[in-house]
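Following this note's numbering, the numbering of the sequence shown begins with 84 at its first residue and continues without gaps. Structure, as structure tokens:
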Amino acid sequence: MIDSWQSDWTRGKTGRSIHNIFPQVKLRLTDWRREDFLFFTGHGPFAHSLFRFRLKPTPFCACGKEGTPLHYITECDLTESWHITKPAANLKDLWFRRVAGNPHSRAKVRQVIKHMLKTRTSFSRTSITSVKTSSSSAYQSDKQSALSSHLLHSKPMPSSNIPRY
84 MIDSWQSDWT RGKTGRSIHN IFPQVKLRLT DWRREDFLFF TGHGPFAHSL FRFRLKPTPF
144 CACGKEGTPL HYITECDLTE SWHITKPAAN LKDLWFRRVA GNPHSRAKVR QVIKHMLKTR
204 TSFSRTSITS VKTSSSSAYQ SDKQSALSSH LLHSKPMPSS NIPRY
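Take a look at the structure:
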């Protein structure tokens, strides 16, 4: 039976993001939490995902970049306290496997997802036309508004994360 599962899992067309992390079928459960699944499948509170399902009018984050899971955990101004080093383009699959296997990195992923769910309105643009036709000052105003909202709802960065010089 497990051989049949493995064969189906290996030849399957769906679930490839998880297959890259867990290529082998196992009978024991994973220790993943809800936030881990949301991040690694890409079906979380991400502007890119919500846009795909027509739940948001634009795939862009409030900072102006495409709102993918990788964006939020590596480069978004709104989640800077929890950033992880961005992978090289040719090493993304390896990066996701390493982050999935590292409890400290997964804790950061969970914090980002929880923060995004708590302050949901701060993380997406309001309309596609505002992204395409906004002037530089309007964009800066929108970004400043999102950052202000983010700062009101976020916890202060722990002092252990402050670099000492």
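Just so it is clear, CB atoms sit at the ideal spot from N, CA and C, and this is done for glycine as well.
Alpha-carbon to alpha-carbon, Lys-175 and Cys-159: 18 Å
Check whether Tyr-155 and Phe-123 have beta carbons under 8 Å apart: no
Pair within 8 Å by beta-carbon distance, His-131 and Glu-149: yes
Residue environment, Arg-111, which counts as buried when at least 16 other CB atoms sit within 10 Å: exposed
Pairwise C-alpha distance: Ser-87 and Glu-163: 44 Å
Among Ser-188, Phe-179, Asn-185, Gly-184, the one whose alpha carbon lies nearest that of Gly-125: Phe-179
Leu-153 burial status per 10 Å Cβ neighbour count (16 or more: buried): buried
Cβ shell of Ser-81 (< 7 Å), same chain only, five flanking positions each side left out: Residue numbering for the chain in the displayed model covers 84 to 248; residue 81 lies beyond these limits and cannot be assessed.
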